[in-house]
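Structure first, then comments.
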Amino acid sequence: MAWASGQKLYGDRYIIEKKLGEGGLGVTYLAKDKKGNRVVIKTLKDEIFSRPNVNWYQEKFFQEAVQLAVFRHANIVRIENVFKQEQLPCIVMDYIEGEDLEKLVLKRGVLSEVEALHYIRQIGEALTVVHEKGLLHRDIKPSNIMVRSANYEAILIDFGLARGFIPDFTQQLTVGLTHGFAPPEQYYQEGRWGEYTDVYALAATLYYLLTKTNPIAAPIRALNAPFKQPKEINSSLSSKVNQAIWQGMALEATKRPPTIQQWLELLSITTHTVQTPLQSTRGMSNDAATLYCPNCQAANPLTNKFCQQCSTPLPQRYLWVVEDVSGVGSPGDLLAGRYLIINPSVVLEGV
Numbered sequence: 022m023a024w025a026s027g028q029k030l031y032g033d034r035y036i037i038e039k040k041l042g043e044g045g046l047g048v049t050y051l052a053k054d055k056k057g058n059r060v061v062i063k064t065l066k067d068e069i070f071s072r073p074n075v076n077w078y079q080e081k082f083f084q085e086a087v088q089l090a091v092f093r094h095a096n097i098v099r100i101e102n103v104f105k106q107e108q109l110p111c112i113v114m115d116y117i118e119g120e121d122l123e124k125l126v127l128k129r130g131v132l133s134e135v136e137a138l139h140y141i142r143q144i145g146e147a148l149t150v151v152h153e154k155g156l157l158h159r160d161i162k163p164s165n166i167m168v169r170s171a172n173y174e175a176i177l178i179d180f181g182l183a184r185g186f187i188p189d190f191t192q193q194l195t196v197g198l199t200h201g202f203a204p205p206e207q208y209y210q211e212g213r214w215g216e217y218t219d220v221y222a223l224a225a226t227l228y229y230l231l232t233k234t235n236p237i238a239a240p241i242r243a244l245n246a247p248f249k250q251p252k253e254i255n256s257s258l259s260s261k262v263n264q265a266i267w268q269g270m271a272l273e274a275t276k277r278p279p280t281i282q283q284w285l286e287l288l289s290i291t292t293h294t295v296q297t298p299l300q301s302t303r304g305m306s307n308d309a310a311t312l313y314c315p316n317c318q319a320a321n322p323l324t325n326k327f328c329q330q331c332s333t334p335l336p337q338r339y340l341w342v343v344e345d346v347s348g349v350g351s352p353g354d355l356l357a358g359r360y361l362i363i364n365p366s367v368v369l370e371g372v
């Protein structure tokens, strides 16, 4: 049953605001909890209940909730609650204010290499945690990666196709995929799967971010259909990134990097999580009009949104400093005797 705006769920704990969208099996709604916080509520589509194996679908739906509850990672959507509403299973998740990467690219066009790698690094970190728990996501694609508008943080969503796997062991998994982002082995119910299965999808996602072109489906590629390397579409790409994408999307699993970490290394990215912002400008270089990275502290031009060295986002609230205070018309606070804050609205922490 479709929920209308204003409908109350689970003993009036949640109020529906609007429908957000539908997937293969589920439908999502925007809602508010009793404190006024926005949340996303996911449930099964009505037509699922007319299928003879509806109990299987319900079991898999709740399995998604259990899987999400296991993960506590900044780049994985967080589950808040699980309940039933008139026999409809419901998962309550964090609301992520922003848009998914597919919509972002459709709106802005191809992303810069630095920005794209920033998102890929974060999702790589998330996938590393997922794989450590013995699960494959199996549905990595731009529309399943949200970007928070406030801080450029990428969040992995929709674990509906996630399944457990045993490396180098033949097993059976239900077939579920998105053409263009799924590797050949995902088209079969029985076979061998590993981290390299998600490597293909993450590489295909990077292909899309840098070309605004959906990759050709793996079975069609296997028939020797023409498939352009990303650099043939976007000539500004570095050879390193082009080669990493191409290797990550190898049709033969044995020719792909076996783990997410090893594939990221081809991009000169290592998985790490930035926990704290830059605390002070003391001792930093004195280049005029410079933004300093909160992760590696590299100097960046003010026009950069992402660090040119490690791809970490550079919020506009970071310090813009100059050494020579002479000739400055409207100085802000003097810092450490030599540095000057040009933007008085900036927040100084730990200074």
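All you need for this note's numbering is the position in the sequence shown, starting with 1, plus 21. Heads up, the beta-carbon is just placed ideally off N, CA and C, and yes, glycines get one too.
According to the neighbour-count rule (16 or more other Cβ atoms, all chains shown, within 10 Å of its Cβ), is F190 buried or exposed?
-> It counts as exposed.
Runs of beta strand (DSSP E) lying entirely within the region 149-219, each at least 3 residues, in chain order | 166-169, 175-177
State the DSSP-derived secondary structure class of K53, mapped to helix, strand or coil.
-> strand
Who are the Cβ neighbours of E216 in its own chain at under 7 Å, not counting the five residues just before and after it?
-> H152, P279, T280, I281
Exposed or buried, what is K162 when buried is set at 16 or more other beta-carbons lying within 10 Å of its beta-carbon?
-> Here K162 is buried, its C-beta having at least 16 other C-beta atoms within 10 Å.
Tell me, please, which residues DSSP counts as bridged to E269.
-> First, the amino acid is wrong: residue 269 is Gly here, not Glu. Answer is none; G269 lacks a bridge partner.
Per-residue burial, G269 [other beta carbons within 10 Å of its own, 16 or more giving buried] | So G269 ends up on the buried side.
Work out the CA separation of P205 and N245 for me, nearest whole Å.
-> 14 Å
H293 versus A175 - alpha carbon distance | For H293, the pLDDT reaches just 43, beneath the cut-off of 50, and the residue's location in the model is therefore unreliable, leaving the point undetermined.
Enumerate in chain order the residues of its own chain whose CB-to-CB distance from G32 is below 8 Å, with the five nearest sequence positions on each side excluded.
-> Cβ-Cβ distances below 8 Å link G32 to nothing in the same chain once the five nearest sequence neighbours on each side are left out.
Using 10 angstroms around the beta-carbon of E273, count the other beta-carbons present and answer buried if the total reaches 16, otherwise exposed.
-> exposed
Using DSSP with H/G/I as helix, E/B as strand and the rest coil, what is R59?
-> strand
Cβ contact check for the region 52-64 and the region 99-113: 3 or more pairs under 8 Å = yes
Please classify G47: is it buried, with 16 or more other beta-carbons within 10 angstroms of its beta-carbon, or exposed?
-> buried
Nearest-angstrom Cα distance between V75 and S170?
-> 37 Å
F82 (DSSP reduced to helix, strand or coil) | helix
What's the gap between the Cα of P124 and the Cα of A239?
-> A small fix is needed here, since residue 124 is Lys in this sequence, not Pro. Between K124 and A239, the C-alpha separation is close to 23 Å.
Going straight from the alpha carbon of R34 to that of S71, what length do you get?
-> As the crow flies, the alpha-carbon of R34 is around 28 Å from that of S71.
Taking the Cβ atom as the reference point for each residue, do Q250 and N235 lie within a distance shorter than 9 Å?
-> no
Continuous beta strand (DSSP E) stretch holding P110: start and end | Its beta strand (DSSP E) spans residues 109-115.
Measuring CA to CA, which of N255, E68, D54 is closest to T232?
-> N255
Just reading off the alpha helix (DSSP H) that L41 is part of, what are its end residues?
-> Here L41 belongs to no alpha helix (DSSP H); instead the beta strand (DSSP E) covers 35-43.
Would DSSP call N96 helix, strand or coil?
-> coil
Whether Q88 touches L65 by CB criterion (9 Å) | no
Can you tell me where the alpha helix (DSSP H) with A239 in it begins and where it stops?
-> 239-242
With a Cβ-Cβ cutoff of 9 Å, do E134 and S257 count as a contact?
-> yes
Using only the heavy atoms of the ligand MN, determine whether one of them is closer than 8 Å to the beta carbon of W267.
-> No copy of the ligand MN appears in this structure; indeed no ligand is present at all.
Spell out the partners DSSP gives P334 in its beta bridges.
-> F327
Looking at the structure shown, is N76 part of a helix, part of a strand, or coil, going by DSSP?
-> Here N76 sits in helix by DSSP.
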